[in-house]
Every structure is written in structure tokens, then in C-alpha cells.
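The structure under discussion appears below in the form of C-alpha cells.
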Amino acid sequence: MYGGPRGLSERRPIEAEAFRPAAAGDFDGDGAADLFDGRTTLYGPFRRGAGTAARTATVPGGHTGPRQAVAGDYDADGRTDVVLTYPFNGDDYEQNDDPPTGRPPQIDYYQGGTGGLRNSDPVPPGLDSMATYEGPRQGVAGDVDGDGVDDFVANGEHHVEGAGARSKLTVIHGSKAGLGRARPSRVLTGSGTWWGSSPMLGDVTGDEKPDLVAARPGFSLTDTDRLLLFPAGARGPATEGQQTVRGDDPGLPGDLEEFSFGPLDLLDVDGDGRRDVIVHSHKYGRPYGDFVVLRGTPKGFLPKEARHFTSDDVGVRVGRR
């Protein structure tokens, strides 16, 4: 769909066989948007009406169907790069005497350039440590340290002998020298198998520095879901000053389902220059959902001032009736 003075145009199919885009960006730096599915790149500009790309290229050794593609300019060259993560099935590949062949790596990195995307082999420092059974699961791109270059943040498992289930958030710094090549990665750790899930970056406190927001799902009515806020520091998000909002805090609806209190997006919904978080509880097994808006303030999130509404309040159907 093309944008214009009256909004989006009618949808037009893209002429590409078996192509499901996973990432978008300007991979070759020509000013036009391009699409990438993990193996094939459709380079813009796309012809109006025909839906055909200016050119098509395939990355050697690429794999389609990534779990997630996180696009960002990690080396400050004005061209979009992509981090791809793939699901890892340990039973298939570690405990099977005859595992499937041709499996993708768990993590891959493609750099943008004048000719388009190219595979980075080996992957940058920091990313290689993620290509294990422990992670990553989800990632996000953004300038967490304020140097003007995108960084990569992802969560995954963190095993500590005798410490029970733990997880980690890893910050891999981008730089003109390349992703992970200017300084060591930073690791934040916490308890719980899914601690640090759904990471997002944005200025919540209004200090013009990006804060990190993530979730920690609960597993019972007594172990309720949590929303985590890591305020920006000199080196990026830090556990010092971390704020935890529980799903049963005063001001929040008390009937939110466990393992469903997850952030949807960071948006400035009230125009005060600070990002607010929109949280959704999917109400598993029920035909509607709960939405909570936690406003960003200089002190972080204030649960007592949260706004709450359901999908029925705004006429949106969530799930099946």
C-alpha cells in the first residue's frame, strides 16, 4: 500500500513467488525501502501498479522463516543491517542420532552495503555467544547508550548452578567499527524463565535517553505477571533504579490473567514527550481482552494512575466468540 495525501492506497500484491517479508529497510542506501525474507531481498523502489521490485537478489547460505528479524543501522553507515534469530529444537538436533540436515543457525547477521545485504561470517562478537541453546528469544534495535548508533538488545535463558530458572538481557553495542566490535556486551540478569521478554526501547522518564521496558510473566495467581523498567544510564539501561510493576498493584485491574500481562508498544499517547506503555492481557479462553495504559513520568510508571479499558469498550473483538 502506498502512502499519499489521503492516506494509504488500495493494497497491491507484490510480484514474488513464496516470499514472506521478515524485515524492511534501506539495505543498499539508495533511499528506497527494501524487503528481506531471510534469503531473498526485493530491492525498491517498487513499481506502482505492477508491484515489481527494481531488482531481486539472494544471499548465499540464507534461510527463510526466521523467528524474528531485527533491522537497524548497527555500524552507522546509513544502510540497514539485520539480525535474524531462528527457533532451536534441541530434541531434533542434539538428542537425535540422525538429525535433519540443512538446519539454519540459531542467529545470523547480514550487513547492508552499496550492493545490498551480505552475510557476516563470523557473526559479530556478542552475537556468537547467543547462538547456543540458551537464546536469544526476542530482540529489539535502538540507541541505548546515546552515541547515535543502533544497538541490539535481546533476552534469553541464563543458567546458574543451583540458582533456579534465570534469564538475561544482553546489550550488544553498535559502533562505526561494527556491531559488538567497539566495547564488550552488557548483560542484565533476573529470576524466572521468561524474565526480560518482549523488550522495547523508548524515553519513559523524559530525560531524552532511551529506557528499556520488558516483561516477566508469572505462572500462577500468587506469582503474578510483572512489567520491568530499566532507566537509562551512562552505559545504557541498568538494573540500578529498576522499577517493577506487578499485575496486582493498586490501580491495575485485579482480574488480569497470569502469563498474559505483556507490553504491546511504547507510544506517547498523551503528547507530553514521554513514552507510555500499552499492556494487553489476552484473557485466555475468553472472547475479549484487557488493555492498560501506564503513563511515563519522571519517576517512571505510576500504576495508581493507570487507565484501563477492554476490547469491548472500543469495539475491537479479540479472540473468538
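For the sequence shown, our numbering gives the first residue as 14, with consecutive numbering after it.
Each residue gets a CB set at the ideal place from its N, CA and C atoms; glycine is no exception.
Can you look up residue i in the DSSP assignment and give me helix, strand or coil?
| i | result |
| --- | --- |
| P316 | helix |
| V282 | coil |
| V292 | strand |
| Q81 | strand |
| G264 | coil |
| S211 | strand |
| Y106 | Caution applies to Y106, whose pLDDT of 48 falls short of 50 and renders its modelled position unreliable; the model cannot decide the point. |
| D224 | strand |
| T218 | coil |
| T206 | coil |
| G20 | strand |
| G254 | coil |
| G309 | strand |
| Q119 | coil |
Please work out which residues of its chain come closer than 6 Å, Cβ to Cβ, to residue i, disregarding the five sequence neighbours upstream and downstream, and give them in chain order.
| i | result |
| --- | --- |
| G75 | G51, R52 |
| G193 | P137, P138, G139, I185 |
| D278 | I291 |
| S133 | Y122, Q124 |
| G91 | G42 |
| A167 | P149, G152, T183 |
| W208 | S180, R229 |
| G38 | A84, T93 |
| M14 | L21, S22, R24 |
| F304 | H293, F322 |
| E28 | G64, T65 |
| G1 | Only positions 14 to 334 of the chain appear in this structure, which leaves residue 1 out of reach. |
| G155 | L214, P223 |
| L307 | V290, F314, A319 |
| I120 | T98, L140, M143, A144 |
| A31 | none |
Who are the Cβ neighbours of residue i in its own chain at under 7 Å, not counting the five residues just before and after it?
| i | result |
| --- | --- |
| D158 | D164, H186, R248, G249 |
| D262 | P316 |
| P79 | A35, G51, L97, T98, Y99 |
| R196 | H186 |
| V327 | none |
| T127 | D41, G42 |
| T252 | L201, F243 |
| R199 | V184, R248, G249 |
Sort out for me which residues DSSP pairs residue i with in a bridge.
| i | result |
| --- | --- |
| R239 | R229, R259 |
| A89 | DSSP output for A89 lists no bridge partner at all. |
| T323 | D303 |
| G249 | G246 |
| D94 | G85 |
| I27 | None, per the DSSP bridge assignment. |
Chain C beta carbons: is any one of them nearer than 8 Å to that of residue i?
| i | result |
| --- | --- |
| D220 | Although the question refers to chain C, the structure presented lacks it and comprises just one protein chain. |
Once the 5 residues before and after residue i are set aside, which same chain residues still bring their CB inside 8 Å of it?
| i | result |
| --- | --- |
| M213 | V153, L225, V226, A227, P276, D278, L279, V290 |
| T54 | F40, D47, L48, T69, A70, T71, V72, G129, L130 |
| Q5 | There is simply no residue 5 to check, as the chain begins at 14 and stops at 334 in what is shown. |
Only counting runs of 3 or more residues, tell me where the beta strand (DSSP E) segments fall wholly within the stretch 122-204, in order along the chain.
-> 151-155, 164-170, 179-185, 199-204
Using 8 Å as the Cβ pair cut-off and three pairs as the minimum, do the stretch 56-64 and the stretch 132-143 touch?
-> no
Where in the stretch 36-79 do unbroken runs of the beta strand (DSSP E), each at least 3 residues long, occur, reported from the N-terminal end onward?
-> 36-38, 47-49, 53-56, 68-71
Segment contact flag, the stretch 79-93 with the stretch 24-32, C-beta cutoff 8 Å, min 3 pairs = no
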